[in-house]
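Per my numbering, residue 165 is the first one in the sequence shown, and the count goes up by one each step. A virtual CB, placed ideally from N, CA and C, is assigned to each residue, including glycine.
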Amino acid sequence: MPVRIPTSLPAVEELKNENIFVIDEQRALSQDIRPLRIAVLNLMPLKIMTETDLLRLLSNTPLQIELDLIEVDGHQSKNTPREHLDTFYKKFDDVKDSNYDGFIVTGAPVEKMDFEHVDYWNQLEDIFLWAKTHVTSTIYICWAALAGLYYRYGIRKILLPSKLSGVFEHKVYNHKNPIFRGFDDMFYAPHSRHSTIIKEDILNHKELEIISESDECGVYMVMGRGGREFYILGHPEYSPNTLDFEYKRDLSLGLNPHIPDNYYIDNNPENRVIVRWRSHANLLYSNWLNYFVYQETPYDIRKIK
């Protein structure tokens, strides 16, 4: 998919080196089509890394995408230069009167805090409320999935005794669901989290459907409102080296982290990573864009309800 992004965005050169097609604004304007408008609320500390990870996956179909990056107000990012945010990001106030075909909300490193104690929680509530009527379909990733399920359905997160980190096998519960088109019976996905949810709490809500689960990790993917919402408790967008980066970072901080499961050859951090989730991650996002965004969104984006 040609993703329409500023040519100076750091992700552009890395994606071009990987033969991933991005399109600059001038060329995009010459194509007589309406691009899909996708917004990303990036709550991750290393925002440039997350931008690149998501753009890889959004670049995998022949549709054109116009991307807006959004940040929350009143939260100072310590790991991303302010100049980068001022150049490439918008505030929620800048977009709250706009509609989007798709919306992605990333995870955030605040899992051990109560939701109400997160310094941008009140604004996040406003954004979740806005997304319900201004977006055709939304993906909530990891902490954002926990936050969205709590905000919309009152489902509480449960802290795990230790961090869940690694690459795990997952089951597909309904192959007729278009989100799983092309998937095998079992697929892999990375996890990196301190919290989970109780399956029975999901089953108590008729609007929600558990569509994928793992024997080791529990609930993985929940669909709400017939595909208007997807809650993903893992990180399918992670690049091959992201878990390695997190593990070595925590090791350097003296946190004595658990070696990510099923990740390094022979479970040895000195060995290379075994990559076994990228094909399904690409299918997941291309299926979402095709079946739950492109085929569901009105041509006049103002008619999203």
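Going by DSSP, name the residue or residues bridged to residue i.
i	result
PRO354	VAL331
GLU373	MET387
LEU233	VAL204 and TYR253
GLY382	SER378
VAL457	Paired residue(s): none; VAL457 is not in a bridge.
VAL437	TYR428
VAL336	SER376
Evaluate residue i with the Cβ neighbour count: other Cβ atoms within 10 Å of its Cβ, from every protein chain shown; 16 or more gives buried, anything less gives exposed.
i	result
GLU371	exposed
SER326	exposed
LYS363	exposed
LYS335	exposed
ILE429	exposed
PRO400	buried
HIS140	Limits of the chain in this structure are 165 at one end and 469 at the other, which puts residue 140 out of reach.
LEU417	exposed
LYS296	exposed
TYR337	exposed
ASP283	exposed
ARG436	exposed
MET277	exposed
HIS422	exposed
GLU275	buried
Below 8 Å on the Cβ atoms is my guess for residue i versus residue j; work out the distance and round it to an integer in Å.
i	j	result
ASP265	ILE202	6 Å
ALA353	GLY382	That belief does not hold up - the Cβ atoms of ALA353 and GLY382 are roughly 13 Å apart, past 8 Å.
TRP285	PHE279	6 Å
SER376	SER356	17 Å between Cβ atoms; not a contact.
TRP452	PHE409	Not quite, the Cβ-Cβ distance comes to about 26 Å (not below 8 Å), so this is no contact.
THR270	LEU205	7 Å
HIS281	LEU323	That pair is no contact at about 14 Å.
LEU313	ILE361	6 Å
LEU233	LYS254	7 Å
LEU249	GLU235	6 Å
ILE396	ILE303	6 Å
Which of helix, strand or coil does DSSP assign to residue i?
i	result
SER262	coil
LEU407	helix
ILE366	helix
SER223	coil
GLU393	strand
ILE303	strand
PRO325	strand
PHE267	strand
SER359	strand
GLU247	helix
TYR402	coil
PHE344	helix
TYR284	coil
ILE517	Outside the displayed range of the chain (165 to 469) lies residue 517, so it cannot be described from this structure.
MET277	coil
LEU218	helix
ASP482	Not covered by the structure: residue 482. The range shown for the chain is 165 to 469.
LEU448	helix
SER241	coil
GLY312	helix
ALA295	helix
ARG198	coil
Return the residue from the list the options that minimises the CA-CA distance to residue i.
i	options	result
MET208	SER241, VAL299, GLU230 and SER376	SER241
LEU448	ASP217, GLY346, LEU367 and CYS306	GLY346
GLY238	ASP257, PHE252, SER223 and GLN228	ASP257
ARG440	SER450, ASN426 and GLU434	ASN426
ASN263	TYR337, PRO199 and SER403	PRO199
ASN405	ILE465, PRO424, LYS469 and ILE374	PRO424
LYS467	ASP261, LEU227 and LEU367	ASP261
TYR463	THR300, TYR402 and TYR304	THR300
LYS321	LYS211, VAL236, GLU333 and ILE366	ILE366
ASN243	GLN228, THR214, ILE229 and LEU227	THR214
ASN432	ARG442, TYR402, LYS412 and LEU419	LYS412
GLU247	SER223, ILE229 and ILE212	ILE212
HIS245	THR225, SER403, TYR384 and LEU173	One detail in the question is off: residue 245 reads as Pro in this sequence, not His. The shortest Cα separation from PRO245 among THR225, SER403, TYR384 and LEU173 belongs to LEU173.
ARG220	TYR384, ASN446 and PHE456	ASN446
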